[in-house]
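Enquirer: Here it is, the structure in full.
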Amino acid sequence: MEPHVFDRLLLYSAGEGWEDLKDLCEAFKNAAIKNDQNQNVQSKGSSGRKGQRKKLNGKKNVVDLRTLLINCAQAVAADDCRRANELLKQVRQHSSPFGDGNQRLAHCFANGLESRLAGTGSQIYKGLVSKRTSATNILKAYHLYLAACPFLKLSNFASNKTIMNLSANSMRLHIIDFGILYGFQWPTLIQRLSWRPGGPPNVRITGIDFPQPGFRPAERVEETGRRLATYAKKFNVPFEYSAIAKKWETIKLEELKIDREEVIVVTCFYRARNLLDETVAVDSQKDIVLQLVRKINPDIFIHAITNGAYSAPFFVTRFREALFHSSLFDMLDTIVPVSIRKGC
Numbered sequence: 001m002e003p004h005v006f007d008r009l010l011l012y013s014a015g016e017g018w019e020d021l022k023d024l025c026e027a028f029k030n031a032a033i034k035n036d037q038n039q040n041v042q043s044k045g046s047s048g049r050k051g052q053r054k055k056l057n058g059k060k061n062v063v064d065l066r067t068l069l070i071n072c073a074q075a076v077a078a079d080d081c082r083r084a085n086e087l088l089k090q091v092r093q094h095s096s097p098f099g100d101g102n103q104r105l106a107h108c109f110a111n112g113l114e115s116r117l118a119g120t121g122s123q124i125y126k127g128l129v130s131k132r133t134s135a136t137n138i139l140k141a142y143h144l145y146l147a148a149c150p151f152l153k154l155s156n157f158a159s160n161k162t163i164m165n166l167s168a169n170s171m172r173l174h175i176i177d178f179g180i181l182y183g184f185q186w187p188t189l190i191q192r193l194s195w196r197p198g199g200p201p202n203v204r205i206t207g208i209d210f211p212q213p214g215f216r217p218a219e220r221v222e223e224t225g226r227r228l229a230t231y232a233k234k235f236n237v238p239f240e241y242s243a244i245a246k247k248w249e250t251i252k253l254e255e256l257k258i259d260r261e262e263v264i265v266v267t268c269f270y271r272a273r274n275l276l277d278e279t280v281a282v283d284s285q286k287d288i289v290l291q292l293v294r295k296i297n298p299d300i301f302i303h304a305i306t307n308g309a310y311s312a313p314f315f316v317t318r319f320r321e322a323l324f325h326s327s328l329f330d331m332l333d334t335i336v337p338v339s340i341r342k343g344c
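Position 98, counted from 1, in the sequence shown is what full-length UniProt numbering calls 98; the numbers after and before it change by one each time, with no gaps.
Here it is, written out as structure tokens:
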């Protein structure tokens, strides 16, 4: 992807990036209007030919994939292989990686249930993780998601606005980001800090993420740092970046190089779900990380979460919670036209 295209996708809160995001939202709106008009035309045409049509024999079967999946998960948890395989067969008949949102979700969950039943889940997970998706493709999906719904856009705006207000009178800012991933949120903050009256502060970002499998566990988090450094240079913002790729519960306070002269911000955006709590492990990873945040004693801790018992000790409970993704699939199916989805 060309650098200027990267800029237009990442710097979505102002200038050409904002115009691109508005254009994408407008495309969604126009496609929805056109779809409604087509449906109205079809319904009128079908009613006009009603007397000429032959009635179809039987009724269309409606399958509740959600219930099938939950019943299958219960069978897997009970180690009832026969029933689990029967239910999996039914799910497979009505799911597809190329169907609508519910069919695609059912296909993914069926693969997971099948691998758990066969005891190959960990190997499949390692295989999926090793097939690394490029930052370019992730960014395209991120941009589409920003245009399709307000959730991430609002959390980014609220956190960046809070950080801007908090550091308004300081010339030194240290952001410690647990779960930085690709750091897509920070270019817009760096851009806005460059507009600050009196000049931008010295910005230090400590990017923390889990190590990736393979010989370069810190590759992604280091690549994120290089990308952010490019934007800091572009906007003339003094910048320093530290990459930490290790299990969060093993991080020590000394590694974060805390300086009490800085405004210290700790963030964690939707990644705490990857930490086990006291219901699963005696030494709760979540508690250890929160104790570290307390030791850091930041000026503010911004913690964005999706409510859900992902770390529950019982498989069926975790499975039910994960099914909230069906709502996301439904939303994207409704809002994003197929033509745009295929282009992304």
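Just so you know, even glycine gets a beta-carbon here, dropped at the ideal spot from N, CA and C.
#1: My output table needs one value for V221: the three-state DSSP class, helix, strand or coil.
#2: Quick one: using the 10 Å Cβ neighbour count with 16 as the cut-off for buried, is K89 buried or exposed?
#3: E249 and Q212 look like a contact to me (Cβ under 8 Å); what is the Cβ gap, rounded to whole Å?
#4: Taking the beta strand (DSSP E) that A243 falls in, what are its first and last residues?
#5: Give the range of the alpha helix (DSSP H) segment to which I138 is assigned.
#6: In angstroms with no decimal places, state the Cα-to-Cα distance between R216 and G183.
#7: Roughly how many whole angstroms lie between the Cα atoms of A243 and K295?
#8: Report back the beta-carbon spacing between F239 and I208 to the nearest angstrom; my notes put them in contact at under 8 Å.
#9: For L292 and F301, what's the separation of their Cα atoms in angstroms?
#10: When the Cα atoms are used, what is the spatial distance from I251 to K257?
#11: Helix, strand or coil, according to DSSP, for H94 in the structure here?
#12: Starting from V62, follow the alpha helix (DSSP H) in both directions and report where the run begins and ends.
#13: Note down, one range per segment and in chain order, each alpha helix (DSSP H) of at least 4 residues found wholly within the UniProt region "VHIID" (142–207).
#14: Check whether the segment 105–116 and the segment 59–79 touch, using three or more Cβ-Cβ pairs below 8 Å as the test.
#15: Could you tell me if N156 is buried or exposed, where buried requires 16 or more neighbouring beta carbons within 10 angstroms of its beta carbon?
#16: Helix, strand or coil for A31? Go by DSSP, reduced to three states.
#17: Spatial neighbours of S194 within its chain, please: C-beta separation below 8 Å, excluding the five flanking residues on both sides.
#18: Is the segment 325–332 touching the segment 95–107 in the sense that three or more CB pairs, one from each, lie closer than 8 Å?
#19: So the beta strand (DSSP E) V265 belongs to, where does it begin and stop?
#20: Have a look at S167 and V62 and give me their C-alpha separation to the nearest angstrom.
#21: By DSSP, does D287 sit in helix, in strand, or in coil?
#22: Per DSSP, A312 forms a beta bridge with which residues?
#23: Excluding sequence positions up to five away, which residues of its chain have a Cβ less than 6 Å from the Cβ of S13?
#24: What residues are listed by DSSP as bridge partners for I300?
Expert: According to the structure shown:
#1: helix
#2: exposed
#3: Contact doesn't hold; Cβ gap of about 18 Å is too wide.
#4: F239 to A245
#5: A135 to A148
#6: 19 Å
#7: 20 Å
#8: Actually they are not in contact, since the Cβ atoms of F239 and I208 sit about 17 Å apart, beyond 8 Å.
#9: 12 Å
#10: 12 Å
#11: coil
#12: Premise fails: V62 is in no alpha helix (DSSP H) and is neither H nor E.
#13: 151–166 and 186–194
#14: yes
#15: buried
#16: helix
#17: P200, F235, N236 and V237
#18: yes
#19: V263 to F269
#20: 56 Å
#21: helix
#22: Partner(s): none; A312 has no beta bridge.
#23: T188
#24: V265
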